[in-house]
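K.L.:
Before I ask anything, let me first share the structure, which is written out below as structure tokens.
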Amino acid sequence: MYVGVLEFDVLLGDVGSLKQKRSVVRPVLAELRRRYEVAVAEAGHLDLHRRALLGLSCVAADAGHVTEVLDSCERWVAGRPELELLSAHRRIVGPHDEE
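Following the working numbering, the numbering of the sequence shown begins with 8 at its first residue and continues without gaps.
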């Protein structure tokens with residue numbers, strides 16, 4: 008079993024309130040879940056209007072599939088016009104990794 012984790016630090020466009028932030032972030036999270044069958048949530052910068060930290064994870068039987076899914080998710084987020092991807096950090100944990 009392999010677990011892939013991807014963290015996106017994104018800058019949101021013209022957002023002036025936390026309510027507007029939610030209206031931008033929620034559809035992004037929902038589409039990532041639907042399109043790629045991953046677990047995803049807003050995981051940081053919760054009190055900032057124009058920044059969001061999105062955490063994503065997936066589980067698969069082989070590392071190659073995990074890498075493909077993470078690559079696809081990163082490309083999709085980078086291509087969203089309402090988001091500016093500031094950074095993306097990933098980690099893949101497999102059966103031979105030490106705890």
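Here a beta-carbon is modelled for each residue, glycine too, at the ideal position from N, C-alpha and C.
Under the rule that 16 or more other beta-carbon atoms within 10 Å means buried, what is residue 59, buried or exposed?
P.N.:
Under this definition residue 59 is a buried residue.
K.L.:
Looking at C-alpha atoms only, which residue of 57, 90, 63 is the closest neighbour of residue 78?
P.N.:
Closest by alpha carbon: 63.
K.L.:
Would residue 99 and residue 76 qualify as a contact pair, given that the criterion is a beta-carbon distance under 8 Å?
P.N.:
No, they are not a contact pair.
K.L.:
For the beta strand (DSSP E) that contains residue 96, what are its first and last residues?
P.N.:
Where residue 96 is concerned, the enclosing beta strand (DSSP E) stretches over 90–100.
K.L.:
With a CB to CB cut of under 6 Å and the five nearest residues on each side skipped, what residues in its chain are close to residue 46?
P.N.:
Here the set comprises 64.
K.L.:
At the level of alpha carbons, what is the spacing between residue 89 and residue 55?
P.N.:
Approximately 16 Å, taken between the alpha carbons.
K.L.:
Return the residue from the list 57, 69, 71, 67 that minimises the CA-CA distance to residue 91.
P.N.:
Cα-wise, what sits closest to residue 91 is 57.
K.L.:
Using 7 Å as the cut-off, classify the Cβ of residue 87 as near or not near the heavy atoms of the ligand GDP, replying yes or no.
P.N.:
Ligands displayed in this structure: none; no statement on the ligand GDP is therefore possible.
K.L.:
Are residue 22 and residue 87 touching if we call contact CB-CB under 8 Å?
P.N.:
Against a cut-off of 8 Å, the Cβ pair of residue 87 and residue 22 comes out as no contact.
K.L.:
Quick check: what's the CA-CA separation for residue 93 versus residue 103?
P.N.:
Computed Cα separation, rounded: 31 Å.
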